[in-house]
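A.B. asks: In our numbering, the protein residues as written are 12 to 433.
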Amino acid sequence: MSLIADYGLVLLLLACLFGFFMAWGVGANDVANAMGTSVGSRALTIKQAILIAMVFEFCGAYLAGGQVTETIKSGIVDASVISPELMVLGMMSALLAAGTWLLVASTRGWPVSTTHSIVGAVIGFAAFGVSMDAVHWSKVGPIVASWVVSPVLSGVVAFGVFVSVQKLIIDTDKPFLNAKRYVPLYMFLTGFMVTIMTVTKGLKHVGLHLSGGEGFLLASGVGVLVMLLGIALLSRIKVDVEADKAFHFASVEKVFAVLMIFTACAMAFAHGSNDVANAVGPLAAIVGVIQSGGEAIGAKAALPSWVLLLGAVGIVVGLATYGYKVIATIGKEITELTPSRGFAAELATATTVVGASAVGLPVSTTHTLVGAVLGVGIARGIGALNLGVIGKIFMSWIITLPVGAVLAILFFTVLRAVFGGV
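1. Can you tell me whether T346 is buried or exposed? The criterion is at least 16 other CB atoms within 10 Å of its CB, across all chains shown.
2. Alpha carbon to alpha carbon, how far is S117 from F67? Give it in angstroms, no decimals.
3. Kindly indicate the opening and closing residues of the alpha helix (DSSP H) around N44.
4. To which residues of the same chain is A361 closer than 6 angstroms at the C-beta, ignoring the five residues directly before and after it?
5. Could you give the DSSP three-state label for T56: helix, strand or coil?
6. Please go through the same chain and pick out, in chain order, the residues whose beta-carbon is closer than 7 angstroms to the beta-carbon of H147, but skip the five residues on each side of it.
7. Let me check understanding here. Comparing Cα to Cα, which of W121, L97 and H127 lies closest to N40?
8. Take I207 as the anchor and find which of F199, V374, A230 and L200 has the nearest alpha-carbon.
9. Leaving out five residues before and five after S161 in sequence, what residues of the same chain have Cβ atoms less than 6 angstroms from its Cβ?
10. Taking all protein chains shown into account, do 16 or more other C-beta atoms lie within 10 angstroms of the C-beta of V414, making it buried, or fewer, making it exposed?
11. Pull up the DSSP beta-bridge partners for T436, would you.
12. Are M271 and T48 touching if we call contact CB-CB under 9 angstroms?
13. By the DSSP assignment, the alpha helix (DSSP H) with Q302 in it spans what residues?
14. So, is A16 buried or exposed, given that buried needs 16 or more other C-beta atoms within 10 angstroms?
15. Could you tell me which residues DSSP pairs with V146 in its beta bridges?
16. Could you tell me which of L228, F29 and K336 sits nearest to V42, measuring between CA atoms?
17. Using CA atoms only, rank isn't needed, just tell me which of V130, A145 and I409 is closest to P153.
18. Which complete alpha helix (DSSP H) runs does the segment 370 to 431 hold, if anything under 4 residues is left out?
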């Protein structure tokens, strides 16, 4: 235990610094997934989007971020075959590796998966720094499968939502009147979905335990409040009944622009709850080992609230300083977005990410959003998609996992040398 005894405080400070760096990368790169569609469809300006995201990303990360963190912290590597010293250095190298790759990608405006980055880095250090047996390969399978399942599922949901919008509102004789009738239902769904996730999974970290029935009732109440607020906002938009159809369409998009503010909040919250794990999962493992003096490597320690707080603040700082670059890529280059299309993509993405977070599966928000935008594009015809940009995004996905692994091996080697060849 000499490493932890001799350098415990130094290791803890370094781990917090690396964790914050990784959270910064999540904010700079991945938050575009929450806000890109709102900015691309002109429902929000970049400044408005960043302000909304800062509030809801923070709330999602801090209130609802603990469930997925368990999967990253103890689900991928077999703690029983890794010494406490190697676990600490390995998780530190994983944070540094993933953070470095996200810094490179963010400065170039590439939307890469932070989940790929950290999972690849953790697998890299465990497989090559310890042994191939140190990785729970059976746990890696479902995570990798989720990267395929989540964009497909999100695409199907987005396709369904957008087709329902077309059938119920856009392709009707009175699109604006139908928008006033049906949009409150979409608003209820958005409020309900995010609230049920928060109360059933997230609020345990702040000491509030609700039963399933109580959570359902509270979520229904919040959904109704969001719906009533939406009805009040919609009543302020006036349309001349005799006006031509083009004017009605413009008014319908105005309605969806209002709705996108709700879905942007939902998406930011869902993203914070799921992707904060990429930064604080490894950090939580390090903190658990150091605080127990190397004894609790495999124990299920409670996630300290300050670790979630550090991750949440890191995400917000990353978003505020560098988030605009990747937001521009996601919002404007995959397909032409209007508020109604952006809404369908965002609601589908939020639904998929919230669902995944509820069952503890670390899905990639990037994959989920691109799948949703593809679903909306396919509903309009394949010509509506910018296939060149989509190809580049797919390529960035493919290289992210191996890059994360290689960087982790490199940093792991350096850290072992620095701390006396553990």
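All C-beta atoms in this analysis are idealised placements derived from N, C-alpha and C, irrespective of residue type, glycine included.
C.D. replies: A quick look at the data gives this:
1. Working through the sequence shown from its first residue, we reach residue 346 at position 335. The residue in question, T346, is buried, as its Cβ has 16 or more Cβ neighbours within 10 Å.
2. As a first step, residue 67 is located in the sequence shown; it is residue number 56 there, counting from the start. As a first step, residue 117 is located in the sequence shown; it is residue number 106 there, counting from the start. Looking at the two C-alpha atoms, the distance is approximately 21 angstroms.
3. Looking up residue 44 in the sequence shown gives position 33. A43 to G51 is the span of the alpha helix (DSSP H), which, as asked, contains N44.
4. Taking the first residue of the sequence shown as 1, we reach residue 361 at position 350. So the qualifying residues of the chain are A277, M278 and A281.
5. Position 45 of the sequence shown, counted from the first residue, corresponds to residue 56. Three-state DSSP puts T56 in coil, outside helix and strand.
6. The residue you call residue 147 lines up with position 136 of the sequence shown. G86, I87, V88 and D89, listed in sequence order.
7. Here residue 40 refers to the residue found at position 29 of the sequence shown. For N40, the nearest C-alpha among the options comes from W121.
8. Walking along the sequence shown from the start, residue 207 turns up at place 196. Nearest C-alpha to I207: A230.
9. As a working mapping, residue 161 is identified with position 150 in the sequence shown. Within the same chain, S161 has close Cβ partners T363, V374, H378 and T379.
10. By one-based count along the sequence shown, residue 414 stands at place 403. By the 10 Å Cβ count, V414 comes out buried.
11. Nothing can be reported for residue 436, as the shown portion of the chain is limited to 12 through 433.
12. Along the sequence shown, read from residue 1 onward, the residue named residue 271 stands at position 260. Along the sequence shown, read from residue 1 onward, the residue named residue 48 stands at position 37. Yes, these two residues count as a Cβ contact at 9 angstroms.
13. Taking the first residue of the sequence shown as position 1, residue 302 is located at position 291. From DSSP, the alpha helix (DSSP H) with Q302 extends over A288 to Q302.
14. To locate residue 16, count along the sequence shown from 1; it is residue 5. With fewer than 16 Cβ atoms within 10 Å of its Cβ, A16 is classed as exposed.
15. What you label residue 146 is simply residue 135 of the sequence shown in a count that begins at 1. V146 is bridged to V88.
16. Locating residue 42 in the sequence shown gives position 31, counting from the first residue. If we check each option's Cα against that of V42, K336 comes out closest.
17. In the sequence shown, residue 153 corresponds to position 142, counting from 1. Considering only alpha carbons, the answer is V130.
18. 376 to 391 and 398 to 429
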